[in-house]
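Here the protein sequences line up with chains A and B, keeping their order.
Going left to right, the first sequence walks through residues 48 to 217 as this note's numbering numbers them.
Going left to right, the second sequence walks through residues 430 to 1001 as this note's numbering numbers them.
Cβ coordinates follow ideal geometry from the N, Cα and C atoms, glycine included.
As the structure is a prediction and not an experimental result, all values here were calculated from the model.
A short write-up of the structure that comes next.
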Amino acid sequence: MAIATVQAAAGRSRPSAPSDDKRWRQVDVRMRRLGYRPDGLIEALHTAQEAFGYLDDEALTYVGESMGVAPSKAYGVATFYSHFMLKPQGEHTCVVCAGTACYINGAAGLLGAIEGKLGVEPGETTPDNKISVLKARCFGCCSMAPVVMVDGEVHGTITPPELVTLLEDL
Amino acid sequence: MTAVGTPAATPPPRRRQAGPLIPEGPVRASAHICQAAGCQSMGSDRLLEVLSDEVLGAGLRDVAVGRVGCLGLCSAGPLVAVPEQGRVFERVRPDDGASRQDLLSSLSGEAKGGRPLAGDSFFSPQVKVVLERSGTVDPERVDDYVASGGYTALAKAVSEMAPEEVVAEVVKSGLRGRGGAGYPTGLKWRTVAIQDSHAGKYVVCNADEGDPGAFMDRSVLESCPHQVLEGMAIAGYAVGASQGYVYVRAEYPLAVKRLSHAIREAGREGFLGREVAGTRFGFEVEVRIGAGAFVCGEETALIASVQGGRGTPRPRPPYPAASGLWGCPTLINNVETFANIPAVVAKGGEWLASMGTERSKGTKVFALAGAVANTGLIEVPMGVTLREIVFGIGGGLAPGRRFKAVQTGGPAGGCIPEDLLDMPVDYESLTQAGSMMGSGGMIVMDDTSCMVDVAKFFMDFCREESCGKCAPCRVGTQEMWRFLDRMTRGAGTRRDLEQLESLADMVRSTSLCGLGQGAPNSVFSTLRYFRDEYLAHIDDRVCPAGVCAMNAGGRSEAVPAGVGVAGVGSPK
């Protein structure tokens, strides 16, 4: 079965990149390394999201077709996994860990503080497109609970007022 | 707040390149700095540079500064161990010179500071098999692993043992799956080994550690990735597979980086590749990164995801051991299970079987978190009591707080109350108590936790993570959450409680995979031990722990679990 897939991949004509944006080259390199095989779809989507920040219809269709996957299936995969973003994100991201240790140590207060300050819930972006708020399952930094990650930087044992100050300074 | 990531005012670097500081002559003392994700996020990566400069600046030519994996006591990070003195130094910060004084004077031999490891209530009761090299070897240097005896078990297996002999050792060890279900590892290996397959076989390492509050696999991969690769290669040899995959969560970037680096190193040194350890056995490993779906920890869902699709489970049989990746026989084990294998092969199955209880052999790694003084990663022999873990190693609760429950087994596990604390920790005892071993998350709760809200928290997790393929789980978790939500708002009735119990029973017995089958467990175990709290919510409209808002008029939808706690601001 694996062999048949490889043959299918080799014989297929591949689409050309949607634009001459240089970031497509990064995606192309990754897809070539994956042998344009359907089982590499998730890996290729990771790379496309790293390059563009999110996956729009164009990216989904292009990556899907290059990897030998119908747009419907590529869309199905992208919507199944919470890591993939189908909308552009704000300038900054604030991810609140919603794992058990953080729940025990007061993550609800952090979410409440964010909602009070920015008026957005997890999964939303402020109207000025400045901050996206997300909820994570668990960062595995349970010893520092509650934890938030702001622009990729982990802040542990943080209190709601401290988080508000942090967001104000962004 | 632990301020993290602010750049320190470091003196100009005196060294030509970043990384460990290794003296040319003999080493009198070495500072081993923990570089696992917990300590790194408290600045331990910058500490490596700062401390190296200070050691050089002080003219300590016989002092080494190195990177190691997780030292265990994550709540006191960044941690630095000085193995020659048997001491560990806590909260050594790159941006606070005073926090380094104690360590520096110990390194120079002027004084003996820090915390002695011998006789320490956190460190000394532990027995390390899986974490043997965690905190002693540099996770990014294969030479360190080899110098500590690494890859000798693989060499022994492929050159001195027949595949059946390797399987027999694993059977003899009594090792059971560390991912949660506790299936006998040797039996699984034998099932895959006896399959005939012209299209090949696969070995898959399940590193999709989805249980919130569990970080054992992350730490093992970050601290000693070669040990897992060695276990996988031995498994490949034993079952007749030449290709392995490690399926890791996207949330663990450092683990992915270290693992990928280790795969390249092992390939270069001939421990992976076409001729493993100079024999005709070939074994390659590839990393597959998950994309945030808890259900992918279930083995058939994981297979669907490795193949690039939506990670939905399918009915078993056929089990992956007969028909897994691309329909081929596939051995799937957890990170911790594979990490046990090199020791089993090197020291023999009987050695592992000499530890633990009658039916649970060896050790277990737990991630201790929540309302307990010492939080972090621990490894204990099977059969120790929960009390020893929580009040001995964990150091008990904060002053003035009362122990209420310890939650094990993740969202499919349960809460164990105080009167069962003297129960030995093994697969059977935990299941009997209405919880499960699970992957090893252990979260301590005190009297500020409401058990109805805890059940709602886990149900919220399950309803969000339900893949939607089967109706009992897709609809059942949602409806159970709704009952629990009503109770936490003070609107629950006795009839709700009855329906919740019968629905929980139905979801448990009719769901397709472990996610749905385990989802009702949080309800069952909290009802079993804390029914009075449910009744207080329903009959008296009171939350004894003072957690639930009990404002019966509140919205029933779109309220994230736990957002009911005092201090929540209202939406604009």
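Which listed residue (the options) has its alpha carbon closest to that of residue i
i: Pro507/B; options: Gly542/B, Gly538/B, Asp531/B, Ile462/B; result: Ile462/B
i: Val124/A; options: Ile89/A, Asp104/A, Glu97/A, Gly156/A; result: Ile89/A
i: Met661/B; options: Pro554/B, Ala582/B, Leu944/B; result: Ala582/B
i: Gln946/B; options: Pro554/B, Arg529/B, Pro742/B; result: Pro742/B
i: Asn762/B; options: Ile818/B, Phe712/B, Val632/B, Arg697/B; result: Val632/B
i: Leu941/B; options: Thr860/B, Pro744/B, Arg703/B; result: Pro744/B
i: His202/A; options: Arg788/B, Gly472/B, Cys499/B; result: Gly472/B
i: Leu100/A; options: Leu133/A, Glu209/A, Gly163/A; result: Per the sequence presented here, residue 100/A reads as Gly, with Leu not at that position. Taking only the C-alpha atoms, the option nearest Gly100/A is Leu133/A.
i: Leu604/B; options: Ser878/B, Gly842/B, Phe953/B, Thr792/B; result: Thr792/B
i: Cys503/B; options: Leu616/B, Ser470/B, Val511/B; result: Ser470/B
i: Val677/B; options: Glu704/B, Gly669/B, Leu658/B, Arg717/B; result: Arg717/B
i: Ser459/B; options: Arg490/B, Glu519/B, Met645/B; result: Arg490/B
i: Leu926/B; options: Asp889/B, Gly943/B, Phe887/B, Val881/B; result: Val881/B
CB contact check: residue i to chain B, cutoff 7 Å
i: His139/A; result: no
i: Val201/A; result: yes
i: Ile178/A; result: no
i: Met48/A; result: Because the pLDDT of Met48/A is 44, which lies under 50, any placement of that residue in the model is unreliable, and the number read from its coordinates should be weighed accordingly. Chain B contact via Cβ: present.
i: Arg61/A; result: no
i: Thr108/A; result: no
i: Val124/A; result: yes
i: Tyr101/A; result: no
i: Ser129/A; result: yes
i: Ala51/A; result: At Ala51/A, the pLDDT of 48 sits below 50, so the modelled position is not reliable; the number obtained from the coordinates is stated separately. False, the Cβ-Cβ gap to chain B never drops below 7 Å.
Contacts of residue i in chain A (Cβ-Cβ under 7 Å)
i: Tyr681/B; result: Gly187
i: Gly825/B; result: Near Gly825/B there are no residues of chain A at all, since even the closest Cβ is about 16 Å away, more than 7 Å.
i: Ile872/B; result: Thr147, Ala148, Ile151
Within chain B, the residues that residue i reaches when beta carbons sit closer than 7 Å
i: Pro85/A; result: Gly737
i: Ala95/A; result: Within chain B, no residue comes near Ala95/A; the closest Cβ sits about 12 Å away, beyond 7 Å.
i: Ser190/A; result: Gly467, Cys503, Ser504, Ala798, Thr804, Gly805
Cβ distance (whole Å) where residue i is taken to contact residue j below 8 Å
i: Gly564/B; j: Gly501/B; result: 7 Å
i: Tyr574/B; j: His655/B; result: 4 Å
i: Val773/B; j: Val599/B; result: 6 Å
i: Val492/B; j: Pro523/B; result: Not a contact, Cβ separation roughly 17 Å.
i: Val595/B; j: Ala667/B; result: 4 Å
i: Ile178/A; j: Leu165/A; result: 6 Å
i: Leu532/B; j: Gly543/B; result: 7 Å
i: Leu849/B; j: Ala862/B; result: 5 Å
Neighbour list for residue i in chain A, Cβ cutoff strictly below 9 Å
i: Cys902/B; result: Ordered by position in chain A, no residue passes the 9 Å Cβ test against Cys902/B, which lies about 15 Å from the chain.
Contact list for residue i against chain B, beta-carbon separation under 8 Å
i: Glu171/A; result: Under the 8 Å cutoff, chain B gives no residues; its nearest Cβ is about 11 Å from Glu171/A.
i: Leu88/A; result: Gly737, Gly738
i: Ala183/A; result: Glu680
C-beta neighbour in chain A for residue i, strict 7 Å
i: Pro641/B; result: yes
i: Arg703/B; result: no
i: Ser470/B; result: yes
i: Ala447/B; result: no
i: Gly721/B; result: yes
i: Thr439/B; result: Note that Thr439/B scores 43 on pLDDT, short of 50, meaning its location in the model is unreliable; the coordinates nonetheless yield the value given after this. No, its Cβ sits nowhere closer than 7 Å to a Cβ of chain A.
i: Phe959/B; result: no
i: Ile761/B; result: no
i: Arg647/B; result: yes
i: Ile732/B; result: no
i: Phe712/B; result: no
i: Phe644/B; result: yes
i: Thr431/B; result: With a pLDDT of 46 at Thr431/B, under the threshold of 50, the modelled position of this residue cannot be trusted; read the value that follows with caution. Taking Cβ atoms only, chain A reaches closer than 7 Å to Thr431/B, which makes this a yes.
Beta-carbon neighbours of residue i, restricted to chain A and to distances below 8 Å
i: Ser878/B; result: Ile151
i: Ile718/B; result: Ile89, Glu90, His93
i: Phe886/B; result: Thr147, Tyr150
i: Gln836/B; result: Thr147
**Study point:** Ordered list of alpha helix (DSSP H) runs contained in the segment 858-882 of chain B, each at least 4 residues
**Key:** none
Alpha helix (DSSP H) runs wholly inside the segment 583-659 of chain B, at least 4 long, in chain order = 592-602, 614-622, 645-652
* Asked: In chain order, which alpha helix (DSSP H) runs of at least 4 residues are fully inside the segment 785-864 of chain B?
  -> 856-861
Residue ranges of each alpha helix (DSSP H) within the segment 702-762 of chain B, 4 or longer:
728-735
Legend entry - Contiguous alpha helix (DSSP H) assignments of at least 4 residues, all confined to the segment 442-480 of chain B: Listed in chain order, the complete alpha helix (DSSP H) runs (minimum 4 residues) inside the segment 442-480 of chain B are 466-469.
Discussion item. For a minimum of 4 consecutive residues, which ranges assigned as the alpha helix (DSSP H) are wholly contained in the segment 67-92 of chain A?
Written reply: 70-80
For a minimum of 3 consecutive residues, which ranges assigned as the beta strand (DSSP E) are wholly contained in the segment 97-175 of chain A? 139-144
- Query: Which residue spans inside the segment 656-702 of chain B form an unbroken alpha helix (DSSP H) run of at least 4?
  - Reply: 682-697
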